[in-house]
Amino acid sequence: MNIHEHQAKAVLSEFGVAVPRGYPAFTVDEAVEAANKLGGPVFVVKSQIHAGGRGKGRFEGLGPDAKGGVRVVKSVDDVKASAAEMLGRVLVTEQTGPKGKQVNRLYIEEGAAIARELYLSLLVDRETSRVSVVASTEGGMSIEDVAHDTPEKILTFSIDPATGVFPHHGRALAQALALKGDLAKQAAKLLGQLYAAFVAKDMSMLEINPLIVTAANDKEGAQLRVLDAKVSFDSNALFRHPEIVALRDESEEDPKEIEASKFDLSYIALDGEIGCMVNGAGLAMATMDIIKLYGAEPANFLDVGGGADEAKVTAAFKIIIADPNVKGILVNIFGGIARCDVLANGVIAAVKQVGLKVPLVVRLEGTNAELGKKIINESGLDVIAANDLSDGAEKIVKAVRGRA
Numbered sequence: 265m266n267i268h269e270h271q272a273k274a275v276l277s278e279f280g281v282a283v284p285r286g287y288p289a290f291t292v293d294e295a296v297e298a299a300n301k302l303g304g305p306v307f308v309v310k311s312q313i314h315a316g317g318r319g320k321g322r323f324e325g326l327g328p329d330a331k332g333g334v335r336v337v338k339s340v341d342d343v344k345a346s347a348a349e350m351l352g353r354v355l356v357t358e359q360t361g362p363k364g365k366q367v368n369r370l371y372i373e374e375g376a377a378i379a380r381e382l383y384l385s386l387l388v389d390r391e392t393s394r395v396s397v398v399a400s401t402e403g404g405m406s407i408e409d410v411a412h413d414t415p416e417k418i419l420t421f422s423i424d425p426a427t428g429v430f431p432h433h434g435r436a437l438a439q440a441l442a443l444k445g446d447l448a449k450q451a452a453k454l455l456g457q458l459y460a461a462f463v464a465k466d467m468s469m470l471e472i473n474p475l476i477v478t479a480a481n482d483k484e485g486a487q488l489r490v491l492d493a494k495v496s497f498d499s500n501a502l503f504r505h506p507e508i509v510a511l512r513d514e515s516e517e518d519p520k521e522i523e524a525s526k527f528d529l530s531y532i533a534l535d536g537e538i539g540c541m542v543n544g545a546g547l548a549m550a551t552m553d554i555i556k557l558y559g560a561e562p563a564n565f566l567d568v569g570g571g572a573d574e575a576k577v578t579a580a581f582k583i584i585i586a587d588p589n590v591k592g593i594l595v596n597i598f599g600g601i602a603r604c605d606v607l608a609n610g611v612i613a614a615v616k617q618v619g620l621k622v623p624l625v626v627r628l629e630g631t632n633a634e635l636g637k638k639i640i641n642e643s644g645l646d647v648i649a650a651n652d653l654s655d656g657a658e659k660i661v662k663a664v665r666g667r668a
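Here the working numbering is used: the first residue of the sequence shown is 265, the next is one more, and so on.
Okay, structure coming up:
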């Protein structure tokens, strides 16, 4: 589960992490009120969507010279004008795709005197069962670009959950970010705070880009500040965190994925034309791959799971059919724990309720496969039978291409 930047900063601040002052705003009046609370002289008006690249994004309906989704302004009137222009408008970035995302909330934040921009993230390393720390002096830009162009500027090290953060981890981070003296001490302290938040809240990814070094002034020396924060949580651990579940913004999620979550289905919407219903994550991935091999694109990842019953399969089929991009459906079931006859009944029930207007190819193998095939064959549905995965992929692609 993902949350917005302002929510992420609020969570991190609970653990002592230094973040700039700011307030969320859902209306223009709230944006003005937030700016008055901050007092200026510099304000940052930030679009709150679940996607990166907001600053370089463009708003639909505005001219090519219009500012992006993150704007630095110097008056309350400018905050008001930006808020009026941004709220309710679709923002398109590299990560949203061409459809973009509608901006329904803003974050009005105090400006910062930035001396340096750094990169820092924590994520779960499944290979080592540890928390990996990724750091770079090249903040403010895509870490993928840094990895491609200057990989030597990225340092990665792991923290063992059995021991937690040791002083040498803090020294490693300071060295990776080229920080010395008091800033090195601040980096070590920050790492401990972030790690504590990461573990306590069951995060799967915590990205700070940029982590800034502020310019020193008469009141204080240079400081480390979290200028942006992106957080994802382990969905399997959300039952432990009702306070995090309360932060969920369903307007940022695909409605089909929300519906799938109600039935405990593993569903991710994609941009292709062939809907897939499969049991088992590995088989689902293989099904998607072989569809691409035969020249088409999958419309979704969908794993109904090993314990799927008729109700769950019916729900899954309805979700697939609800996607207007779907031009054909491939059901690929290898019955181990799941029984092919139960899944076949689910498919028939869904088709009878929703109707079938696109080609349907069904491949059944495993537990009660023959019974499942018999049920499908005697259902009166216009179904194309497949002998194996390759045969199924070839037939559904051919059927879709034939109707194009």
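Using N, Cα and C, we set each Cβ at its ideal position, and we do this for glycine too.
Y371: member of the beta strand (DSSP E) spanning L370 to E374, first to last residue. Among the bridge pairs identified by DSSP, P562 is matched with I538.
Separation of D424 and R435 (C-alpha to C-alpha, rounded to the nearest whole angstrom) is 16 Å. For F307, the uninterrupted beta strand (DSSP E) run begins and ends at F307 to S311, by DSSP. Distances from the alpha-carbon of S496 to those of A650, R489, I554 and K465 put K465 closest. Inclusion of V590 and D567 in the CB contact set at 8 Å is not warranted, their separation being larger than that value. T360: not part of any beta strand (DSSP E); DSSP gives it neither H nor E. Under the DSSP assignment, K301 falls in the alpha helix (DSSP H) whose first and last residues are V292 to L302. Within the stretch 456 to 537, complete beta strand (DSSP E) segments of at least 3 residues are found at 467 to 478, 488 to 490, 494 to 497 and 530 to 533, given in chain order. Here N596 carries a strand assignment [DSSP, helix/strand/coil].
S422 is bridged by DSSP to S396. Using a Cβ distance threshold of 8 Å, L511 and Q450 do not count as a contacting pair. Burial is judged here by how many other beta carbons sit within 10 angstroms of a residue's own beta carbon; N609 has at least 16 and is buried.
The continuous stretches of beta strand (DSSP E) do not include E634, which lies in the alpha helix (DSSP H) extending over residues A633 to N641. Pairing K582 with L529 gives a Cβ-Cβ distance that is not under 8 Å. If you draw a 10 Å sphere on the C-beta of F503, you find fewer than 16 other C-beta atoms in it, and that means exposed. Taking C-beta atoms as the reference points, Y383 and I407 count as a pair closer than 8 Å. Inter-segment contact for the stretch 285 to 298 and the stretch 318 to 327 is absent: fewer than three beta-carbon pairs are separated by less than 8 Å. With respect to the 8 Å criterion, A650 and V625 are classified as neighbours on the basis of their beta carbons. DSSP, reduced to helix, strand and coil, places N266 within a strand of the structure shown. By the Cβ criterion, the stretch 338 to 348 is in contact with the stretch 302 to 310, since at least three pairs of Cβ atoms, one from each stretch, lie closer than 8 Å. Here the stretch 351 to 362 makes no contact with the stretch 391 to 401; the two share fewer than three CB pairs at distances below 8 Å. Among the bridge pairs identified by DSSP, R390 is matched with none.
Membership of E629 in any alpha helix (DSSP H) is not indicated; the residue belongs instead to the beta strand (DSSP E) covering L624 to G630. Bridge pairing for A289: L370 [DSSP].
Per DSSP, reduced to three states, the secondary structure at S346 is helical. In the DSSP assignment, I648 falls within the beta strand (DSSP E) that extends over V647 to A649. At the C-beta level, L594 and N564 stay beyond 8 Å of one another.
With 16 or more other CB atoms across the displayed protein chains lying within 10 angstroms of its CB, V340 is buried.
Nearest to R380 by C-alpha distance, out of D513, Q617, A442 and K494, is A442.
For R435, the enclosing alpha helix (DSSP H) starts and ends at P431 to A440. Distances from the CA of R318 to each of D518, E269 and A282 were compared; the closest alpha carbon is that of E269. Between V429 and L447 a beta carbon distance of about 18 Å is seen, past the 8 Å cut, so the two are scored as non-contacting.
It is roughly 28 Å from the alpha-carbon of V606 to the alpha-carbon of K662.
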